[in-house]
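Convert by adding 12 to the 1-based position in the sequence shown; the result is the number in my numbering. Here a beta-carbon is modelled for each residue, glycine too, at the ideal position from N, C-alpha and C. The block underneath contains the structure these notes are about, expressed in structure tokens.
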Amino acid sequence: MAAANRPPARGGSRRRISGGLFALLPVALLASCLLIAAVLFAGTVVLFGNVAGSLADPADLSDNVASLSDNAEVYDRTGTIVLASFGSDRRSLIDDFALIPNVVMDATTAVEDKTFWTNSGFDPLGFVSAAFDTITGGQRGGSTITQQLVRNALLEAADFEGSVYARKVKEIIQAIRVTKTFPGDAGKETIMRAYLNTNYYGARAYGILAASQEYFGISDLSQLTLGQATLLAGIPQSPSAFDLRASATTDAAGLITVALDSPVAQRRLDVLTTMKNARNAGLLRDNTISDEAFAAAAVEPIQLIDPPLKQMDAPHYVDIIHDAASLLLCPVDQPSYCPNGIDVELATRGYKIVTALDWEMQQAAEKWAAAILSTQIGNRPNSPARLAYLASIGVKDSTWLRNMHKSQTKDGASDHNAAIVTMDARTGDMLAYAGSSDYYASENPLLAPIVSTAFQPQYDVLSGYRQPGSAIKPVVYGYALEMQAITPATMFMDVPVDFGQGWTPQEWDGRERGPVRMR
Numbered sequence: 013m014a015a016a017n018r019p020p021a022r023g024g025s026r027r028r029i030s031g032g033l034f035a036l037l038p039v040a041l042l043a044s045c046l047l048i049a050a051v052l053f054a055g056t057v058v059l060f061g062n063v064a065g066s067l068a069d070p071a072d073l074s075d076n077v078a079s080l081s082d083n084a085e086v087y088d089r090t091g092t093i094v095l096a097s098f099g100s101d102r103r104s105l106i107d108d109f110a111l112i113p114n115v116v117m118d119a120t121t122a123v124e125d126k127t128f129w130t131n132s133g134f135d136p137l138g139f140v141s142a143a144f145d146t147i148t149g150g151q152r153g154g155s156t157i158t159q160q161l162v163r164n165a166l167l168e169a170a171d172f173e174g175s176v177y178a179r180k181v182k183e184i185i186q187a188i189r190v191t192k193t194f195p196g197d198a199g200k201e202t203i204m205r206a207y208l209n210t211n212y213y214g215a216r217a218y219g220i221l222a223a224s225q226e227y228f229g230i231s232d233l234s235q236l237t238l239g240q241a242t243l244l245a246g247i248p249q250s251p252s253a254f255d256l257r258a259s260a261t262t263d264a265a266g267l268i269t270v271a272l273d274s275p276v277a278q279r280r281l282d283v284l285t286t287m288k289n290a291r292n293a294g295l296l297r298d299n300t301i302s303d304e305a306f307a308a309a310a311v312e313p314i315q316l317i318d319p320p321l322k323q324m325d326a327p328h329y330v331d332i333i334h335d336a337a338s339l340l341l342c343p344v345d346q347p348s349y350c351p352n353g354i355d356v357e358l359a360t361r362g363y364k365i366v367t368a369l370d371w372e373m374q375q376a377a378e379k380w381a382a383a384i385l386s387t388q389i390g391n392r393p394n395s396p397a398r399l400a401y402l403a404s405i406g407v408k409d410s411t412w413l414r415n416m417h418k419s420q421t422k423d424g425a426s427d428h429n430a431a432i433v434t435m436d437a438r439t440g441d442m443l444a445y446a447g448s449s450d451y452y453a454s455e456n457p458l459l460a461p462i463v464s465t466a467f468q469p470q471y472d473v474l475s476g477y478r479q480p481g482s483a484i485k486p487v488v489y490g491y492a493l494e495m496q497a498i499t500p501a502t503m504f505m506d507v508p509v510d511f512g513q514g515w516t517p518q519e520w521d522g523r524e525r526g527p528v529r530m531r
């Protein structure tokens, strides 16, 4: 009886209470997840709005692509004579999407963005895969074609400042905005055309049409072979590593070719393999390319045309300006200043570079440096070819030129080249600079026969650390006497001097004479 009135065991009550809490746990977890998701969504919306508000309008894409042909121009000291325009001869825009063949687009999407035609400008799976590869030591890029286009045409210099993660967020947001601004198939066509017009393909060729003209002399993209299209599609990932010009050699017949075991050819093979896999997955616009066509493209000889020689005035002077601009605009310790490199910077930003060059002095320097070449033309001083050359450069024949010609033909002298630099000693201004007798000699029928290893027209003689010998004495001592810095009795030390960079000029006979007077 007593046992019947006993209260229930407390352990059973605990089991019933624990069971109730356990049943509520999934609900609590779901609610927490929904709350976190809501907070993240709200934060993403706010972040998207804030970042988007600071970015360029995606609708400006076409104008921005067109403006990328705003080349930097180099002027003389008056700012009126254009010496050169960086990048002007190596940019050709595709005006109509219909001019882009499927093989070019398929090669490009296969290696750069397989889901381009269907993604929203950003590929989350590709981004995660790229991040994983980066963590594990891989080198895959995570940017879609639209993101790369944004980086080339719709991000300002300020957008590249700060951390790479902040820039990547801006890049992704802008890519999504571009896709929304240019919707549907027509929008994708606009994006593809803009992308192919802005990519850098090496050799200062901006846009695949310019690259096709530069390397193959082809202005109609439909004439590109599968091998050529995949070769070009593989360059933008690393234009320096896959430099066609640097990889090429010229054979005895004058043909410019790239070896099939070179890194460039291996890159083409990688693109072909990736493209073939995309075909098998049905991702190409033209999925009818046969295995035989892929195999033939893999061993197709890589033959280039002679590089188009870009005409510019004062070419060696302009080369120096290019290097100086590189140091000024793209300092090594500030990579964010030129995210695409100095060549892209100079070809797209519209800089006007006014130099210290005096155009009249430059013309005189080039004329008299060129006159030296007359000593190598013809087998006698009065040969018609020699006299015709002197007349073509506006130089009258003279005794000293005839004597130099005789020395060349009789005494075996080797005056193959000449260079002239004119500087203002008071300011340091470089007024004229002719680095060789004729930069464009190979294009002149009168000079082409004398172009050789001894006379290389584009070699800058002034950068060769060759001492001018006693010819420099009147220039230096004359000015010093004029400024009363020295007298004829001033003592100098005739000893070797190390000027750095491996240059220590010696006397012609190798002797050292110690203290000597100026006179």
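Please confirm whether residue i and residue j have their CB atoms less than 8 Å apart.
i: M503; j: P527; result: yes
i: Q160; j: F134; result: no
i: Y445; j: Y329; result: yes
i: L284; j: F254; result: no
i: E201; j: F109; result: yes
i: L474; j: I389; result: no
i: A187; j: T156; result: yes
i: L267; j: G214; result: no
i: A403; j: Y491; result: no
i: I533; j: I354; result: As shown, the chain starts at 13 and ends at 531. That puts residue 533 outside it, with no answer to give.
i: S448; j: D409; result: no
i: T242; j: A293; result: no
i: K180; j: L67; result: no
i: V77; j: T367; result: no
i: T516; j: P508; result: yes
i: A382; j: D450; result: yes
i: S234; j: Q225; result: no
Below 8 Å on the Cβ atoms is my guess for residue i versus residue j; work out the distance and round it to an integer in Å.
i: A165; j: T210; result: 5 Å
i: A377; j: T434; result: 6 Å
i: G239; j: R280; result: 7 Å
i: V356; j: I220; result: Not a contact, Cβ separation roughly 15 Å.
i: P70; j: V190; result: 4 Å
i: P327; j: T269; result: Not really, about 27 Å apart at Cβ, beyond 8 Å.
i: I317; j: G229; result: 4 Å
i: Y363; j: A84; result: 4 Å
i: S259; j: V276; result: 5 Å
i: G246; j: D282; result: 7 Å
i: R414; j: P393; result: 4 Å
Can you tell which of the options has the C-alpha that lies nearest to the C-alpha of residue i?
i: Q375; options: S74, D88, S97; result: D88
i: G406; options: I384, E124, K180, L73; result: I384
i: K379; options: A431, S155, W515, R523; result: A431
i: D441; options: A497, L369, K418, V463; result: L369
i: L73; options: A96, E124, P461, T193; result: T193
i: S104; options: L41, T90, A217; result: A217
i: D118; options: T237, D331, V344; result: T237
i: A96; options: D335, D325, I354; result: D325
i: I112; options: C45, D282, Y207, N83; result: Y207
i: M387; options: N131, L244, M416; result: Looking at the sequence itself, residue 387 is Thr, so the reference to Met does not match. Comparing Cα-Cα distances from T387 to each of N131, L244, M416, the minimum goes to M416.
i: S482; options: A260, L295, S454, D521; result: D521
i: T130; options: A453, K288, L295, Y227; result: L295
i: L244; options: L399, M505, V123, R529; result: V123
i: R531; options: P508, D75, P486, G512; result: P486
i: F128; options: G196, A264, Q513, T90; result: G196
i: P319; options: T262, V311, T300; result: T262
i: W290; options: T121, V463, P248; result: The residue you asked about is not Trp; residue 290 is Ala in the sequence shown. The shortest Cα separation from A290 among T121, V463, P248 belongs to T121.
i: N429; options: T411, E455, R478; result: R478
i: S175; options: Q346, R398, M204; result: Q346
i: S274; options: V311, F511, I185; result: V311
Considering only heavy atoms of the ligand ATP, does any lie closer than 7 Å to the CB of residue i?
i: N209; result: Although the ligand ATP was asked about, the structure shown includes no ligands whatsoever.
Return the bridge partner residues of residue i from the DSSP annotation.
i: G526; result: D506
i: Q315; result: T269
i: S97; result: E85
i: L364; result: Sequence inspection shows Lys at residue 364; the Leu mentioned does not correspond to that position. For K364, which the question treats as bridged, DSSP gives the partners E85.
i: Y218; result: R103, Y212
Next item on the list: Output the residue ranges of the beta strand (DSSP E) runs that lie fully inside the region 221-296 and measure 3 residues or longer, sorted by chain position.
Entry: As far as the region 221-296 is concerned, its whole beta strand (DSSP E) runs of at least 3 residues are 260-262, 268-270.
Check: Where in the region 417-503 do unbroken runs of the beta strand (DSSP E), each at least 3 residues long, occur, reported from the N-terminal end onward?
Finding: Fully enclosed beta strand (DSSP E) runs of 3 or longer: 432-435, 442-446.
Notebook entry, point to check: Along the chain, which unbroken stretches of the beta strand (DSSP E) at least 3 residues long are found entirely within the region 327-382?
Noted result: Every beta strand (DSSP E) of 3 residues or more that sits fully in the region 327-382 is shown, in chain order, as 364-366.
Next item on the list: Output the residue ranges of the alpha helix (DSSP H) runs that lie fully inside the region 176-208 and measure 4 residues or longer, sorted by chain position.
Entry: Along the region 176-208, the alpha helix (DSSP H) occurs as fully enclosed runs of 4 or more residues at 176-193, listed in sequence order.
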